[in-house]
Amino acid sequence: MRLSRFYLPLLRETPSEAQIVSHQLMLRAGLIRQEGAGIYAWLPLGFRVLKKIEQIVREEQNRAGAVEMLMPTIQQAELWRESGRYEAYGKEMLRITDRHDREMLFGPTNEEMITEIVRTGVRSYKDLPKLLYHIQWKFRDEIRPRFGVMRGREFLMKDTYSFDIDKAAARKSYNKMFVAYLRTFARMGLQSAPMRAESGPIGGDMSHEFIVLAETGESGVFCDRRLVDMPVPGSDIDFEGDLQPIVDQRTSLYAATDEKHDAAEFEEQVAEGDRIAARGIEVGHIFNFGTKYSEPMNAVVAGPDGKNIPLEMGSYGVGVSRLVGAVIEAHHDEGGCRWPLSVAPFHVGLINLKPGDADADAACQSFYQAFGKAGVETLYDDTNARPGEKFARMDLIGLPFQVIVGPRGLKNGVVEIKNRATGDKSEASLGDAAEVIVAQVTKGLQHSL
RNA sequence: CGGGGCGUAGCGCAGCCUGGUAGCGCAUCUGGUUUGGGACCAGAGGGUCGCAAGUUCGAAUCUUGCCGCCCCGACCA
12 MRLSRFYLPL LRETPSEAQI VSHQLMLRAG LIRQEGAGIY AWLPLGFRVL KKIEQIVREE
72 QNRAGAVEML MPTIQQAELW RESGRYEAYG KEMLRITDRH DREMLFGPTN EEMITEIVRT
132 GVRSYKDLPK LLYHIQWKFR DEIRPRFGVM RGREFLMKDT YSFDIDKAAA RKSYNKMFVA
192 YLRTFARMGL QSAPMRAESG PIGGDMSHEF IVLAETGESG VFCDRRLVDM PVPGSDIDFE
252 GDLQPIVDQR TSLYAATDEK HDAAEFEEQV AEGDRIAARG IEVGHIFNFG TKYSEPMNAV
312 VAGPDGKNIP LEMGSYGVGV SRLVGAVIEA HHDEGGCRWP LSVAPFHVGL INLKPGDADA
372 DAACQSFYQA FGKAGVETLY DDTNARPGEK FARMDLIGLP FQVIVGPRGL KNGVVEIKNR
432 ATGDKSEASL GDAAEVIVAQ VTKGLQHSL
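Counting in this note's numbering, the first sequence runs from 12 upward without gaps.
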C-alpha cells in the first residue's frame, strides 16, 4: 500500500481526553476516531490490526474445535424475559423500540439467543458436546466509558458457548477454551495469566479471567513467576486429549488481581524470588454456569434413560477490540507503537527518503514488488515529507521493520533496515535486503503460529 | 448515578472575570530556499465561538434551558 493513497490521519499532539498510552497512541497513530462516548470508528490502520487479532482468535477457536456462526446485534426483549434477565440487566442494556413499539435491545451478550438456537437443534445427549462461537459487536451502556477501546460501550467480542450433558463433559469444554486462550494471547505477543474469578451462582472452580501483563495495565496483579514463564502449548496440542494436567498446572499457582489479592496467602504460597507484582488488563473470561439458562429456557436433551436433562453450559469471552489497546499497552515506547509481527497492520514500512530521485524510486519499486510477491505486507512511504518527519511517523505507527532507502545509501549500494522493537539498525546491500526482510518476516510469522 | 471540569479553525490552547469587528502555536495551501531524525522565509485559506432562548444599541463574554465530552468514585470484556 502506498502511503500517498492510504488514509492515515496522524496527530502530532496528544488529544487531551486520552488518559492512557494505548488510547493516546491509537488516536495519534490514526487507528481510531471517537464518534461518541465509548464509540469509535476504526480507521484503516486500526482496522487492519483489529482484523489480525480477530483472525488469531478465530484460528485458535477453530483449532480447539469450536464452530463459528454469527448472531445478530439486535435482539428481542421477549427472549430475555425467558431467562429473567430483561429486568435484571439494568441500565447497561441499550433498549430500543421499533416502529411497532416492540421492545428490542442491542445485545450486550448472547446466552439467551444461543440457548434458544441450540434448544431446538439439539435433542439427544448424542448430539453433544457442542462448542459454538461468534465474533460480533456488542453494546453495553457503561456508566462511564473510558480509556478508548479498552472500555468502550460498543466493542467487538468473541463469545463461545458450550453445551454438554454433564459436569464432567462441561469441564472438558472448559479446558479446551482455557488452553485455546493460552495460545491465543501468546500468538499476539502477550504474556497472559489465568486468574481465578468470581465463580458466580454455580460456585466451583470453573471461572477464570485471563489477564495480560502490561506495565500500564488497569489493575494490579499478583502472581507466581512460574505461571508466566510456563511454555505455551504448541500448535500440535490435541484438544480431544486430556487437557486437565495443563489446566491444573496453571491453576495450582497463585494468581490474583488486586481486588482478590490476599497478601498473606501470596507470601505463604510463593517463594520470594518468584513473586510478581505487576499490572494487567483483563482480556478474556471463561465461565461455566451450569443450567442457569437451560433450565428457565427449557433447553434439554434426552439422556440415555430417555429422561430430559437440562444442558450444562458455559460461556467464554474474548475482548477482541480491547485487545488492540492491550497489545499497545504491552508494546510501545516514547516513539509510538511497537507492533508484534503477528498483529502489525503492515509487516514493513518502506521509506523512500527522496521520491523523484530515479535511483531511490527504482530501488523502492523493486522492494515493493518483491515484498508483494512474497506476501510481506508493506506500507510504502512515497510521500514528499522530510526525512525526519518520515522517520518519526514510521516509528509512531510502529511497523515491525523499516526499510530506509535514500540516495546517500544507494551511492554505496546499501539500504538501512531497522527493527522497530529492538531499535537495531543495520545496513544491507541492495541485492540482499529484500531477501533478508522476507526471511525475517516469514520466520517471525512462523514463530507466532 | 454522586462529585468536579470542559465545549472557541483538523490538533493543542488564549480571549470570558470587566460585553464593543475572534486570536496564538502546530497542521493545511501557494512561492522560494532547504533536504538522512518532526526545516526556514514570505504570503494565503479555514471558525454557525456546542445548540436555543433571554438581557443589551451591541453577546465568545452576562442569564436560563438543553446537548455533548472528559476526570474522580461506585460498575464492567
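All residues carry an ideal CB built from backbone N, CA and C; glycine is no exception.
Take the Cβ of residue i as the centre, count every other Cβ of all protein chains shown within 10 Å, and call the residue buried at 16 or more, exposed below.
i      : result
TYR18  : exposed
GLU251 : exposed
GLY417 : buried
HIS145 : buried
LEU460 : exposed
SER326 : buried
GLU220 : buried
ASP235 : buried
MET104 : buried
THR433 : exposed
Looking at the unbroken beta strand (DSSP E) that takes in residue i, where does it start and where does it end?
i      : result
LYS169 : 165-175
SER326 : 323-330
TYR144 : 141-150
GLN199 : Position check: residue 199 holds Met in this sequence, whereas Gln was assumed. No beta strand (DSSP E) contains MET199, which DSSP labels as neither H nor E.
GLY231 : 230-235
VAL312 : 311-313
GLU438 : 436-440
Give the C-beta separation of residue i and residue j to the nearest angstrom, bearing in mind that I take them to be a contact with Cβ-Cβ under 8 Å.
i      : j      : result
GLU438 : VAL449 : Between VAL449 and GLU438 the Cβ distance is about 17 Å, and since that is not below 8 Å, they are no contact.
VAL387 : HIS342 : At roughly 20 Å, the Cβ-Cβ gap does not stay under 8 Å, so VAL387 and HIS342 are not in contact.
PRO351 : MET199 : 6 Å
ILE287 : GLY347 : Incorrect: roughly 27 Å between the Cβ atoms, too far for contact.
SER184 : PRO156 : Contact flag wrong, Cβ pair sits at about 32 Å.
Would you check if the distance between the CB atom of residue i and the CB atom of residue j is smaller than 9 Å?
i      : j      : result
ILE43  : GLY159 : yes
VAL329 : LYS169 : yes
PRO411 : GLY383 : no
ARG431 : LEU364 : no
THR120 : LYS149 : yes
LEU38  : GLN30  : no
ALA337 : VAL281 : no
VAL452 : ALA385 : yes
GLU127 : MET324 : no
THR394 : PRO366 : yes
Would you kindly report the start and end of the unbroken alpha helix (DSSP H) that includes residue i?
i      : result
THR126 : 122-132
HIS458 : 444-458
HIS34  : 32-39
TYR51  : Where TYR51 is concerned, there is no enclosing alpha helix (DSSP H), although the beta strand (DSSP E) it sits in stretches over 50-53.
LEU90  : 88-94
PHE382 : 369-385
PHE402 : 398-408
GLU153 : GLU153 -> no alpha helix (DSSP H), and no H or E assigned at all.
Excluding five sequence neighbours on each side, which residues of the same chain lie with their C-beta closer than 6 Å to the C-beta of residue i?
i      : result
VAL78  : LEU143
LEU254 : ASN186 and VAL190
VAL232 : ILE222, THR268, ALA289 and GLY291
SER332 : VAL160, PHE166 and LEU167
CB-CB under 8 Å to residue i, same chain, minus the five flanking residues each way: which ones, in chain order?
i      : result
ILE125 : MET82, LEU143 and TYR172
VAL243 : LEU193, ARG194 and ALA197
VAL32  : THR227, ILE339, GLU340 and HIS343
VAL311 : ARG130, SER305, ASN319, ILE320, PRO321 and LEU322
PRO315 : TYR136
ARG404 : LEU21, ASP392 and ALA396
Please work out which residues of its chain come closer than 7 Å, Cβ to Cβ, to residue i, disregarding the five sequence neighbours upstream and downstream, and give them in chain order.
i      : result
ASP368 : PRO418
SER440 : GLY424 and VAL425
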